[in-house]
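S.K.:
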Amino acid sequence: MFVILVYDAGEKRVQKFHKTCKKYLHWVQLSVFEGELSAAQLERLKMELKALIKPEEDSVIIYTFRTKHYFSREVMGKKKGDPDSIFV
């Protein structure tokens, strides 16, 4: 499945969130990641993030799509990360 993950974490945990997400997904910009994951990989990622999150301060939003063929992506301005490698 194709996943877009967005997080907002407290200052002390931002780097931990980034490092965890980068193990599974492609970094797109600041707190935004995307990529293809199996259901098992997504569950592992969620478990790792649950161990880091402080629910009263942090939030994670995960969008899942069965396939990446039913949406479009447009980048305006500076591209961050390497989004071209995601859609090969």
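The opening residue of the sequence shown carries number -2 in my numbering; numbering runs sequentially from there.
The C-beta atom is built at its ideal place from N, Cα and C for all residues, glycine as well.
This one's a predicted model, so the numbers in the text were calculated from it and none came from an experiment.
Should ALA37 be flagged as near chain C, meaning a C-beta pair shorter than 8 Å?
M.R.: Of the protein chains in the structure, only one exists, and it is not chain C.
S.K.: Quick one: what's PHE62 bridged to in DSSP?
M.R.: Its beta-bridge partners are PHE(-1).
S.K.: Are there three or more Cβ pairs, one per stretch, closer than 8 Å when the region 66 to 74 is compared with the region 4 to 24?
M.R.: With the cut-off at 8 Å, the region 66 to 74 and the region 4 to 24 do not touch.
S.K.: Is GLY74 near the ligand ATP, judged by its Cβ being under 7 Å from some heavy atom?
M.R.: With respect to the ligand ATP, the structure shown offers nothing to examine, as it has no ligands at all.
S.K.: Can you look up PHE14 in the DSSP assignment and give me helix, strand or coil?
M.R.: Note: PHE14 maps to helix in three-state DSSP.
S.K.: For a quick check, are the C-beta atoms of GLU31 and ILE58 less than 8 Å apart?
M.R.: The answer is no: Cβ separation not under 8 Å.
S.K.: With DSSP collapsed to three states, give me the class of GLU45.
M.R.: GLU45: helix per DSSP, three-state reduction.
S.K.: If you run the structure through DSSP and keep just helix, strand and coil, what is GLU40?
M.R.: Here GLU40 sits in helix by DSSP.
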